[in-house]
Amino acid sequence: MNKNKKNKPNARLFSALTLAVVTPAFVIPMAEPTLANTNLDSALIQPVAAVTDFRDVPVNHWAYESIVKASRQGLVEGYNGLFRPNGEVTRAELATFLSRVFDGTERGSHTFIDVPQDHWAIDAINEGIELGFIKPNDYKNNKFGPDQAMTRDEIVKWLVNGLVSKNLEYGTILEELDSDLTLLPVTEFYKGGLKKEDIPYFGVAIGTGLITGYSDFSIRPSGKTSRSEVVAMLFRIQDILSKEPNLFSDLNELREVATTGTNILTLTNYEKARFGDDNGIWDRVMEDAANKKNMNLDEYLKMEFGEGFKYPVSGEEIGGFEDVLGKPYTLNNKRAVNTIERAIFVDTRGSQAKGVYKDMFFNADPKQKVFGERLNKNYYSVYYEYTTTPNQKTTLNSMYNGSTKGQVGDFLINSVNAEQFGITTPRTIDGWYYEKGENGIFEKITDDFFTKGKTVRYWAVQIAGSKAIDDPFSSDDKISGTTDDGIRYSYEILK
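If you're matching positions, the sequence shown starts at 346 in our numbering and goes up one per residue.
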């Protein structure tokens with residue numbers, strides 16, 4: 346009999362997990378690890394009688410209740426009366442923890458060359474392979490490294506693979522998030538440190554609340570995760586599995602952005618606008634105009650409106666952001682050719698900003714506000730990512746004044762957020778700013794962000810939503826635009 350054989354009281358375990366997840370301690374704060382796990386002799390990790398009071402886990406420890414519950418249910422074990430809450434977690438340990446949570450019955454036959462058949466965690470490792478949270482192809486030269494301390498990205502990947510094994514919808518979500526449109530509200534997304542292949546896994550983890558970031562909004566994928574954090578994750582993952590994926594609002598936003606470039610439908614009360622019924626008046630006008638040009642209707646419409654023009658049919662949707670992403674449109678004043686790359690909404694209608702991207706783009710500190718970015722004004726803040734090729738040296742303000750709504754942002758991303766998250770945004774809307782020199786005198790600096798023929802990709806802000814009575818700068822309740830080839834997008838708030 347293998348020493349890692351375990352009893353699995355499903356009903357009792359699930360009951361305890363359900364009780365545990367409602368406590369605040371099971372939000373994962375990603376506390377800094379302070380004690381590295383050492384290479385322990387496997388004998389120290391052998392199952393022993395459950396210990397409910399570890400000498401190194403005081404009652405005021407943030408994860409005290411979860412550690413005690415996990416120990417009582419046989420999910421985790423200690424080391425001679427110690428739990429080592431800040432210690433690192435090895436691959437063999439996490440495989441053992443997860444095998445007890447996911448309660449698989451099948452055993453794979455894969456054999457890593459460094460995991461002999463008498464290894465204390467062989468059953469758990471093989472079960473992990475069978476359940477799918479361990480992927481043998483992820484490990485080079487068929488070496489598992491059972492005593493290797495795990496990084497956060499590896500742990501997240503295992504846990505999300507575990508979700509997939511229990512609910513195939515998460516497999517579909519991983520595929521959706523494996524997109525060039527995916528945007529994660531973490532500092533590593535633009536500043537580096539997050540591998541492209543890990544983005545979908547962290548997207549699921551962030552969207553479901555399996556993990557949260559540090560206070561600086563980083564996730565530190567290459568960092569280590571403590572044993573106490575992993576215990577909290579074990580309970581949290583049970584809570585996630587008790588719900589359908591579409592019940593996680595943050596995940597819904599991430600999915601919409603990954604597939605359409607915007608979160609407008611999941612976060613806001615906007616809907617796609619539809620063509621109305623004008624009793625055929627528009628049709629007759631267009632047919633008469635085509636006849637005067639000796640053209641058929643289709644030829645005339647393409648000439649007049651562009652190759653991509655969609656013939657209006659009463660009741661049909663006009664189009665959405667996903668139809669125009671990356672497609673050029675020339676500004677009315679001809680100063681530049683723009684494309685929209687993403688349109689990210691933050692709900693700033695009330696006293697608190699809402700949405701999965703609020704911390705990335707919106708700064709709640711009144712001292713850090715930029716003009717137009719305010720709460721309680723009954724509108725949304727819209728953060729557009731643009732690609733712009735100027736036809737002359739120009740400024741954000743000049744382009745905005747020569748455009749229709751949505752074609753160019755009229756405010757800058759808050760400088761604090763831009764620096765923290767590595768977001769590219771112009772330094773100024775007017776093309777110049779003052780900077781304090783070495784002699785203490787402020788000098789006027791010309792900003793060359795928008796230079797003739799130089800293509801730049803950047804973020805800027807607009808506001809949208811129901812018109813605020815006390816704010817003359819607020820917008821109406823429609824968002825629309827047309828590309829050079831006639832493709833349209835249109836949204837409205839239905840009354």
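Where is the CB? At the ideal position from N, CA and C, for every residue including glycine.
Quick caveat: nothing in here was measured; it's all calculated off a predicted structure.
Taking the alpha-carbon positions, what's the residue i to residue j distance?
i	j	result
Gly810	Thr570	42 Å
Phe442	Val421	6 Å
Thr740	Gly776	5 Å
Gln752	Thr684	8 Å
Arg772	Leu676	21 Å
Asp829	Glu514	38 Å
Ile838	Thr796	37 Å
Met648	Glu667	24 Å
Lys480	Lys540	18 Å
Glu598	Asn636	47 Å
Tyr803	Phe654	28 Å
Asp622	Val669	24 Å
Ala763	Gly507	35 Å
Thr613	Ala577	32 Å
Ala580	Asp822	A quick correction: the sequence has Phe, not Ala, at residue 580. Going by the C-alpha atoms only, they are around 43 Å apart.
Val446	Val460	22 Å
Thr827	Glu686	14 Å
Trp407	Val413	12 Å
Asp692	Ile609	10 Å
Gly782	Asp792	16 Å
Met631	Val658	14 Å
Val505	Glu574	16 Å
Ile856	Phe756	Since the first and last residues shown for the chain are 346 and 840, residue 856 lies out of range.
Gly660	Tyr615	17 Å
Tyr836	Thr553	28 Å
Leu380	Glu542	Bear in mind that the predicted position of Leu380 carries a pLDDT of just 29, short of 50, making it unreliable; the figure below should be weighed with that in mind. Near 29 Å, if we compare the C-alpha coordinates of Glu542 and Leu380.
Glu601	Phe457	40 Å
Tyr645	Ala618	25 Å
Gly625	Tyr656	13 Å
Asn512	Pro545	16 Å
Asn678	Phe650	18 Å
Thr638	Thr734	Residue identity differs from the one stated: residue 638 is Lys in this sequence, not Thr. About 34 Å.
Report buried or exposed for residue i, applying the criterion of at least 16 other Cβ atoms within 10 angstroms of its Cβ.
i	result
Asn487	exposed
Asp321	Any answer about residue 321 is impossible in this case: the structure gives the chain only from 346 up to 840.
Asn431	buried
Asn591	exposed
Gly426	exposed
Ala709	exposed
Ala388	Caution is warranted here: a pLDDT of 31 is assigned to Ala388, below 50, making its placement in the model unreliable, and no coordinate value can be reported.
Pro530	buried
Glu433	buried
Asp498	buried
Ile474	buried
Pro491	buried
Thr435	buried
Lys588	exposed
Ser567	exposed
Could you say which of the options lies nearest to residue i if we only look at CA atoms?
i	options	result
Thr732	Gly606, Asn759, Thr800, Arg680	Thr800
Pro673	Val682, Met744, Phe666, Gly665	Val682
Arg400	Ser416, Phe428, Lys414	Phe428
Ile548	Pro461, Gly621, Asn721, Val701	Looking at the sequence shown, residue 548 is not Ile but Gly. Residue Val701 is the option with its Cα nearest to Gly548.
Val761	Leu646, Asp561, Ser416	Asp561
Lys536	Ser659, Phe620, Ser835, Arg565	Arg565
Asp595	Phe650, Phe620, Glu574, Leu528	Leu528
Trp503	Ala440, Lys703, Glu542	Ala440
Tyr559	Tyr834, Gln765, Tyr645	Gln765
Asp468	Arg629, Asp483, Tyr834, Asp448	Asp448
Asp525	Ile808, Gly671, Ser510, Asn678	Gly671
Trp465	His455, Ile551, Glu438	Glu438
Glu730	Ala698, Val806, Asn639, Glu521	Val806
Ile518	Arg572, Asp584, Arg629, Phe593	Phe593
Please look up how many angstroms separate the CB atoms of residue i and residue j, rounded, as I've assumed it's under 8 Å.
i	j	result
Glu864	Gly798	This structure gives no information on residue 864, because the portion of the chain shown stretches from 346 to 840.
Ile768	Ile758	5 Å
Phe706	Tyr728	5 Å
Thr607	Ile689	7 Å
Ser563	Thr532	5 Å
Asn721	Ser696	6 Å
Ile556	Val501	7 Å
Arg833	Gly664	5 Å
Strictly by DSSP, which residues pair up with residue i?
i	result
Tyr803	Tyr731
Ala681	Pro735
Tyr674	Asn683
Ile824	Tyr836
Lys699	Asp692
Ser329	The structure shown does not extend to residue 329, since the chain spans only 346 to 840, so no value can be given for it.
Leu529	DSSP, once it has assigned bridges, lists no residue as partnering Leu529.
From the beta carbon of residue i, is the nearest beta carbon of chain B less than 8 Å away?
i	result
Ser510	Reference to chain B is not applicable here, since this structure consists of a single protein chain.
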